[in-house]
Structure formats: structure tokens, C-alpha cells
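Structure first, commentary second.
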Amino acid sequence: MNLALHSGWLGALEAGAIAFAIGLLAYLLSHVIARALRWPEGHAIGWAAFAGVAIGGGIDLWHLFSLFFVNPGSPARVQLALAGINDPGGLGMRVVMEIVGACSGALVGWMAFESRRADDAPPP
585 MNLALHSGWL
595 GALEAGAIAF
605 AIGLLAYLLS
615 HVIARALRWP
625 EGHAIGWAAF
635 AGVAIGGGID
645 LWHLFSLFFV
655 NPGSPARVQL
665 ALAGINDPGG
675 LGMRVVMEIV
685 GACSGALVGW
695 MAFESRRADD
705 APPP
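FYI, in the numbering used here the residues of the sequence shown are 585 to 708.
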């Protein structure tokens, strides 16, 4: 996400909450697609988690990945790389919270659909 969120823990929690919502919506969409294509439910959860992480944390993941290729001997390049990041000090924390948020959003969506399906089933 390339949003101007707060820095530190508050920004990481905001990014995680946004990724949670994206993961939940991704599960709803992948659940519909999986039912139409008759996929197992695990595929819907997996694709929703992947899409949630890619959409919710994509730009922060890219910044974290691209920082490994910056030449530390060139201060100008380091400054240029850090200039495009909203909170360079909390980037790792934001990425972790986005991954956890997206995956937990997909799982909460799955649990909501599974509990509803179990309630609709006739008693044995």
C-alpha cells in the first residue's frame, strides 16, 4: 500500500487492518470462483491469502526486497531508496503486519462461510 499512514506501531496496525479487509474480500471473491470451478476449499483459501498479501502489502514488500540491492557504499543511492518509503524505520514491522492481516482475513472469511454452512446442514 502506498498510503500515508502513521509511523511506528500505529501505522503497522493500520496497514494490517487494511490488509485484513483486503484478505477478507479476496476470500469472498475466491470462494465464488472456487465454487464455480468446483475447486477444493483449500485452493480458495490459498489464492485469497496470496492475493491479499500481494495487494495489501505489495508495495511495502517490494520496498523491503529492493533495499537488499542498494549499494551501501553510495549514500546518494541509499537516500534515494529511502526517500520513497513512508516509514523506513518501521518497514519490516509493516510488512509482517500486512502478511498476518491478509492471511487472517482470508481465514476469518473461511471460518464465517464454514460456520454458516454447518448451520444450514440438516441434523443427522
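Every residue gets a Cβ at the ideal spot worked out from N, C-alpha and C, and that includes glycine.
Segment contact, 8 angstroms Cβ cut-off, at least three pairs: the region 682-693 with the region 609-623: Between the region 682-693 and the region 609-623 there are three or more inter-stretch CB-CB distances shorter than 8 angstroms, so the stretches are counted as touching.
Whole-angstrom distance between V680 and I617, CA atom to CA atom: In a straight line, the C-alpha of I617 is about 28 angstroms away from that of V680.
C-beta contact flag for D671 and S591 at 8 angstroms: Yes.
Of the residues S614, V637 and G636, the one placed nearest H627, counting alpha carbons only: Here the closest residue by C-alpha is S614.
Taking C-beta to C-beta, are E698 and A603 nearer than 8 angstroms? No, the pair does not count as a contact, with Cβ atoms beyond the cut-off.
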